[in-house]
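In what follows, a structure is listed as structure tokens, so that the remarks can point back to it.
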Amino acid sequence: MRTSQSAQGVKRSFLQWHWEDRLIWASLFVILTQWAHTLIPYWYEETISMTFSMLNLMLVIGLLIPVHPWIRIPFGLIIVAYSVVDQLKAYDLWLPLAMEGKLGWLQVHPYIWLVGLIWITYELFMRFVRTSWHVTLLLVIQLLVFGILDSFTMDTLWDQVAWTMGASLLWLIGVHFRRMKARFPERWEIRPKYVLQIALSAILLLSLVITVGVSMPGLRPILMDPYTAFVMKGERTGPLGELSGLGAANSGTSDQRLAESGYSSDDTKLGDGFRLNYSPVMLVQTEQVGYWRAESKSIYQGDGWLDYEGYDNSPYAIVEQNESLRDAFSRDSKVKTTLVKQTITMQHRGSYPALFGIGTIQKVEAVQSESNDPLYWHRYDSELASFGNRDAYPSSYTIVSEVPVYTPDQLRSSSRNKTYTRTLWEPYLQLPQDYSPKVAELAQQIVEGADNDYDRAKRIEEYLRTNYRYTTQPNTKRRASEDFVESFLFEVREGYCDYFSSSMAVMLRTLNVPTRWVKGFAPGTRNIQSSEWITGREALTLESSEGTYRVTNADAHSWVEVYLGDYGWIAFEPTPGFTMIEATDNQAEEVEPEQEKPAQEEQEIKETRAADEAMELPAWLGLTAKLIVGTAVAAGFIFALLKWYAVGFSFRWFRIWNRKLTIKERMILETELWLSYCRLKGMKKHPAETVREAAKRWSADKPELATSAAIIVECFEQAKYGREAVTSDNWQRLKQAIRQFKHTR
């Protein structure tokens, strides 16, 4: 029997022994895990796996050995080495025969340093972060870093912020208990009731904050924030509210330095990383926003694109001013189109292979150039080519583009049950010989059930936008396949516009849908008036997009054109972070004007709500928080009723609140409030004790409180039990004693 009690005592003491340090250790685990998640896009997969393995094992060790770091550190060294070697083996990067000498060391370099640094951070935080303000300072620094990364990168770090804040709150609780234990070691013991009160209070407070947050109405800001105003005035964001600093890399660099974004002259080998270059290219004054198209290419060779050169006759024809330009793919005469006039002014002397314009250029109205070299129209690629040198390229020109107007249903109807067997379509359906079936199988899975080419294109476009990550510096070391598209879809899974546009073009070709790969520039940044900064910028529409756009090398871009029957070549945007405005036909369906506007407004509201919901907390979290707050309010109400019942549903307090108190009543009430204060400070009056007995016990523990406590007791007893009248001097003496009691340290 004694042995059983002893075992239970040991078990209980083990669970209670330094539980506050275990709580801190677990909180640090959560925080470091969130930072590891943040590093996933930037570190190798094996490094991330090593980090998680080390953190998981160190969590177990820390929970078993929460104190005595000199005991825990040897285990940490072993765990760091084990995590590195184990994950190297898991990723087939470990060579057992190379364990000796320098080769053995090179296998674990630099992994051992990165994982070891995180482990050292774990131990240093546990050892040296001892106060609440240390924890708070670290939390503020982390939130600042997360905010900067969330704002200036493509990463969304809401989850990391939430987990870090929650873990930091637990860290603060652990620090609070550890400090109490250090201050009062002789009276320290674990009181489950106290711990439960703290835990419930923390849960209730967090739930209240979440409930208030999710219950607040969504209001647009009255003033635009400084960062948004700055980037709108500058060159970082495009007119669509999306990042426009996304361009094609200058491929073909022979050195190891990172290339800069810009319009590349060689597209035969794609995929190298680059950094953004914000040097100006051109100013575009236009009646309608769009992508500034230059070239299209049709021959995919496995790692890049080439022009088709198998034409029987030259596809080029000299262009005269105001001459109507027609391509080989004439649209049906019933298709509605709109004409868009653009004036392009180049901002530097450079040579480009073609002139830039929206969609299909219909005519050239004016050209300013230092030479009289002619322009050439490519009737198959819809290019307005310039073959001269740098001086021959126009410094300014005005063109008119023809843009088709359509609805999705019209495109579906036009592209249903189409087959392309003529020689004309061969370049736009071409694929390398013995092309990998994996790409075709994936495309078939994505478009399953679609009965027209438009829906097939939209499904692939959306699949690429939602399942792959945009970055200007993809990790090409993951690439195992020789084919550029196959390696992106199944191995690299991240990249920039060339990756997304090439993949969409190739996937549609496996479905016998004609496509061509298009190069040019994204819209750039519209020059806005300062008055537009005040209320923020509404979603840009074709009707409101007239203006002047500043285009930089950071806006260099590529996208896809898909042939959709009578409507000809239609542009699609598979790259995340870009939005292509389409010229939709608002009058295709006859709707009463009074009914149409509310329907459009309702659709805009739905789209806005959908965008907001994507950034909100999970619905279950808000519902749980509301449930906790509601339960707490109900429990508090029931508790108040029980207390009221315990005093016989007395209306004594209501009478006190509704009349002027005597000096005696004030002194008694003030003493009761003082007892409540003492209870909050850990000095609880037992039910069987008198006020004098409780004050005497507290004074024995803290002699510095004895003088003021004696005065309080004397005044209380005089008011409660004395027959003599009390004066305002007694009332002031009591208040002075309570004030002195509270300020005595």
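Note that the sequence shown covers residues 1 to 745 in this note's numbering. Think of the CB as a built atom: it goes at the ideal place given N, C-alpha and C, for glycine as much as any other residue.
Residue i, buried or exposed, once every other Cβ within 10 Å from all chains shown has been counted against 16
i	result
Glu821	Since the first residue of the chain shown is 1 and the last is 745, residue 821 is not available in this structure.
Ala737	buried
Tyr300	buried
Thr662	exposed
Leu246	For Leu246, the predicted model reports a pLDDT of 38, less than 50, meaning its position is unreliable; a value from the coordinates is still stated below. So Leu246 counts as buried.
Asn730	buried
Val289	buried
Lys334	exposed
Ile570	buried
Lys519	buried
Ala725	exposed
Asn313	exposed
Trp305	buried
Ser502	buried
Trp559	buried
His109	exposed
Ser264	buried
Gln445	exposed
Cβ-Cβ distance between residue i and residue j below 9 Å
i	j	result
Glu46	Ala90	yes
Lys803	Phe572	There is no way to answer for residue 803, as the model of the chain reaches only from 1 to 745.
Arg509	Tyr468	no
Ser386	Tyr352	yes
Phe274	Phe521	no
Leu57	Tyr82	yes
Gln142	Ile48	no
Leu204	Val629	yes
Ser369	Asp391	yes
Tyr435	Asp498	no
Glu461	Pro574	yes
Arg697	Glu689	yes
Leu114	Thr51	yes
For residue i, the nearest candidate out of the options (CA to CA)
i	options	result
Ser132	Asp159, Trp163, Gly116 and Trp171	Trp171
Thr211	Thr624, Tyr677, Ser558 and Ile663	Thr624
Ile769	Ala700, Leu734 and Ala695	Lying outside 1 to 745, the shown extent of the chain, residue 769 is not represented and no answer is given.
Ala554	Glu260, Ala182, Phe152 and Leu93	Glu260
Ala440	Tyr393, Ala480 and Met507	Met507
Glu582	Pro408, Gln87, Gln107 and Arg326	Pro408
Asp155	Leu63, Trp35 and Glu714	Trp35
Gly302	Leu673, Arg412 and Asp267	Asp267
Glu704	Arg679, Thr671, His743 and Val726	His743
Gly310	Ile318, Asp701 and Ser298	Ser298
Arg479	Lys664, Asp150 and Leu270	Leu270
Glu365	Val340, Asp391 and Tyr397	Tyr397
Ser371	Thr360, Tyr380, Gly388 and Arg379	Gly388
Glu714	Lys681, Thr671 and Arg739	Thr671
Met165	Arg179, Met180 and Leu206	Leu206
Leu339	Arg326, Ser296 and Pro404	Pro404
Lys664	Thr727, Gly636 and Ser487	Thr727
Phe152	Thr471, Pro66 and His109	Thr471
Ser708	Phe741, Leu208, Ala640 and Leu564	Phe741
Thr548	Arg526, Tyr563 and His557	Arg526
Pro41	Lys702, Pro474, Lys181 and Ser676	Pro474
Leu139	Glu693, Phe52, Ser27 and Gly62	Ser27
Phe128	Tyr111, Pro69, Asp159 and Trp163	Pro69
Val209	His176, Lys181, Met180 and Ala162	Ala162
Gln732	Asp566, Ile711 and Glu486	Ile711
Asn769	Val400, His176, Ser481 and Lys684	The chain is shown from 1 up to 745; residue 769 falls before or after that span and cannot be answered.
Assumed close pair residue i, residue j - CB separation to whole angstroms, cut-off 8 Å
i	j	result
Glu546	Thr286	7 Å
Ser324	Gln362	7 Å
Trp25	Met126	6 Å
Met282	Ile358	Actually they do not touch by this definition, with Cβ atoms about 13 Å apart.
Met54	Ile71	Contact doesn't hold; Cβ gap of about 18 Å is too wide.
Val319	Pro374	7 Å
Leu157	Leu149	6 Å
Met580	Tyr291	6 Å
Pro280	Gln347	4 Å
Asp21	Arg178	7 Å
Leu411	Arg456	Between Arg456 and Leu411 the Cβ distance is about 11 Å, and since that is not below 8 Å, they are no contact.
Within-9 Å CB hit, residue i to chain C
i	result
Thr624	Given the protein chain composition of this structure (a single chain), no chain C is represented.
The region 420-435 contacting the region 512-527, beta-carbon criterion three pairs below 8 Å: A contact exists between the region 420-435 and the region 512-527.
Contact between the region 165-179 and the region 128-144 (3+ Cβ pairs under 8 Å): Verdict: yes, contact present.
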